[in-house]
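There are 2 protein chains.
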Amino acid sequence: MKSPKRERDALALADKLHSAAIHLLRHLRKEDDASGLSAPRLSALSVIVFGGPLTLGQLARAEQVKPPTMTRIVTGLEDAGLVRRKGDERDKRLTKVYATPKGQRVLMAGRARRVELLASAVKKLDARNLADLWRGAQLLRELIDSMRRAQ
Amino acid sequence: MKSPKRERDALALADKLHSAAIHLLRHLRKEDDASGLSAPRLSALSVIVFGGPLTLGQLARAEQVKPPTMTRIVTGLEDAGLVRRKGDERDKRLTKVYATPKGQRVLMAGRARRVELLASAVKKLDARNLADLWRGAQLLRELIDSMRRAQ
DNA sequence: ACGACATCGTTAGCAGAGCTAACGACCTGA
DNA sequence: TCAGGTCGTTAGCTCTGCTAACGATGTCGT
């Protein structure tokens with residue numbers, strides 16, 4: 000059997016995930032605002048803090064964004080004193096981006112604030128549901144990675 | 000025991016979900032572009048098509064957006080011929096928004112394109128993982144609803 | 001019945017994020 | 001060496017979000 004049911008289920012699930020992602024981010028965006036950092040800046044700062052010094056191009060690719068966009072995001076972070084640009088010694092075309100101590104502190108605070116609302120909802124789940132949702136999140140992550148690999 | 004483990008798990012899960020949502024939408028945004036409709040417009044159109052005629056204010060609340068923003072989104076959809084405004088007879092302050100047949104067609108096409116990439120990845124899952132991910136999506140939906148209710 | 005207040009949608013004006021095109025600085029390989 | 005590629009930036013556009021302010025309409029208390 001060719002399983003049209005399976006086809007329909009895949010579409011329905013895709014739609015469900017898409018819709019959930021949209022609405023989740025809309026809620027969390029409000030918390031982002033409280034940190035004074037927009038979502039793209041917070042996301043880029045996170046990559047810089049955890050991914051060590053990166054060139055602007057690497058950062059743009061990691062964030063799935065074009066270089067001019069990343070230039071402006073980094074400029075905004077630099078103006079806020081969260082990040083510093085430093086030219087590469089070997090290859091003078093490159094601009095490496097480093098997180099400042101302030102950048103690290105702000106990221107941690109923002110991160111905590113951001114997930115607080117979500118985490119407080121998560122805490123209401125019983126152990127079974129928590130485990131199931133964890134597994135769902137893991138599967139979703141793998142799904143996204145497989146999409147990225149497939150381009 | 001106060002279960003610090005549970006606390007940490009909730010935070011980690013919240014972060015995982017947040018990150019997954021960001022990256023999922025970044026991938027899907029490319030597909031949105033192919034339809035000529037931005038993500039907010041597509042999302043609003045979806046609500047209009049499936050939620051019947053709505054006032055602009057209802058639409059703004061459904062999309063978690065302020066009225067002026069929704070005014071412009073609806074104007075964009077109207078200029079594209081996907082939607083029509085019509086004043087309410089009873090209460091002349093209200094503006095009802097209807098989907099045109101073209102709007103319905105475009106939504107379906109865009110929706111199919113949008114979820115295609117995701118669905119093709121979903122289809123590679125075996126039955127067990129599909130069921131687990133489905134349950135995860137369901138739990139996530141409920142989580143978001145509970146966040147919304149708690150404001 | 002009528003005035004005060006509330007609600008709805010719009011306009012105006014701002015900041016931010018995304019894009020493409022074009023450019024200068026720099027590296028590399030023939 | 002120099003022709004062509006790579007990297008980051010600038011310029012200029014659109015779209016999305018917001019707040020403030022306003023006009024039109026409803027509603028409610030007196």
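Line order of the protein sequences matches chains C and F. Be aware that the first sequence starts at 0, since it is given in numbering that gives the first Met the number 0, and climbs by one per residue. Be aware that the second sequence starts at 0, since it is given in numbering that gives the first Met the number 0, and climbs by one per residue. All C-beta atoms in this analysis are idealised placements derived from N, C-alpha and C, irrespective of residue type, glycine included. Small disclaimer: the values here were computed from a predicted structure and weren't measured.
Exercise. Exposed or buried, residue 0 of chain C, counting other C-beta atoms within 10 Å across all chains shown (16 or more means buried)?
Worked result: Note on residue 0 of chain C: pLDDT 49, under 50, position unreliable in the model; no value is reported.
Exercise. Leaving out the 5 sequence neighbours to the left and right, which residues in its chain are closer than 7 Å to residue 40 of chain C when beta-carbon positions are compared?
Worked result: 72, 75 and 76
Problem set entry | 3-residue-minimum beta strand (DSSP E) runs that sit fully inside the segment 68-148 of chain C, ordered along the chain | 82-86 and 94-98
Problem set entry | Beta carbon of residue 143 of chain C nearer than 7 Å to that of residue 23 of chain F | yes
Exercise. For residue 0 of chain F, which of helix, strand or coil comes out of DSSP?
Worked result: Because residue 0 of chain F carries a pLDDT of 49, less than 50, the predicted location of this residue cannot be relied on, and the following value inherits that uncertainty. Of the three classes helix, strand and coil, the one that applies to residue 0 of chain F here is coil, per DSSP.
Problem set entry | Nearest candidate by alpha-carbon position, reference residue 59 of chain F, set F:69, F:50 and F:130 | F:69
Problem set entry | Beta-carbon proximity check, residue 102 of chain C vs residue 10 of chain C, cutoff 7 Å | no
For this session: Tell me whether residue 53 of chain F sits in a helix, a strand or coil according to DSSP, three-state version.
Result: strand
Exercise. Which bits of chain F does residue 9 of chain C rub up against, with CB to CB less than 7 Å?
Worked result: 118, 121 and 122
Exercise. Quick one: is residue 79 of chain C near chain F, going by C-beta distance under 7 Å?
Worked result: no
Problem set entry | Supposed contact pair residue 131 of chain F and residue 7 of chain C - C-beta distance, whole angstroms, cut 8 Å | About 18 Å separates the two Cβ atoms, so there is no contact after all.
For this session: Using the Cα positions of residue 140 of chain C and residue 139 of chain F, report the straight-line distance between them to the nearest angstrom.
Result: 14 Å
For this session: Buried or exposed for residue 88 of chain F, please, with buried defined as at least 16 other CB atoms from any protein chain shown within 10 angstroms of its CB.
Result: exposed
Problem set entry | Any C-beta of chain F under 7 Å from that of residue 98 of chain C | no
For this session: Pull up the distance between the alpha-carbon of residue 27 of chain C and that of residue 121 of chain C, whole angstroms please.
Result: 14 Å
For this session: Assuming residue 62 of chain C contacts residue 46 of chain C (C-beta within less than 8 Å), just tell me the rounded distance between them.
Result: 7 Å
Exercise. Listed from N- to C-terminal order along the chain, which residues in the segment 31-51 of chain C have their beta-carbon within a distance smaller than 8 Å of any beta-carbon of chain F?
Worked result: 38 and 42
Exercise. Should residue 34 of chain C and residue 127 of chain C be called a contact, given that it needs their Cβ atoms to be closer than 7 Å?
Worked result: no
Exercise. In angstroms, rounded to a whole number, what distance separates the CA positions of residue 53 of chain F and residue 106 of chain F?
Worked result: 17 Å
Problem set entry | Reduced DSSP category for residue 18 of chain C - H, G, I as helix; E, B as strand; rest coil | helix
Problem set entry | Buried or exposed by the 16-neighbour rule on C-beta atoms within 10 Å, applied to residue 108 of chain C | exposed
For this session: Figure out for me which residue from C:84, C:91 and C:93 has the closest Cα to the Cα of residue 99 of chain C.
Result: C:84
Problem set entry | Backbone secondary structure at residue 42 of chain F - three-state DSSP | helix
Exercise. Between the segment 55-68 of chain C and chain F, which residues of the former have a C-beta closer than 7 Å to a C-beta of the latter?
Worked result: 63
Exercise. How is residue 64 of chain C classed by DSSP in three states: helix, strand or coil?
Worked result: coil
Exercise. From residue 115 of chain F to residue 90 of chain C, what distance separates their C-alpha atoms?
Worked result: 41 Å
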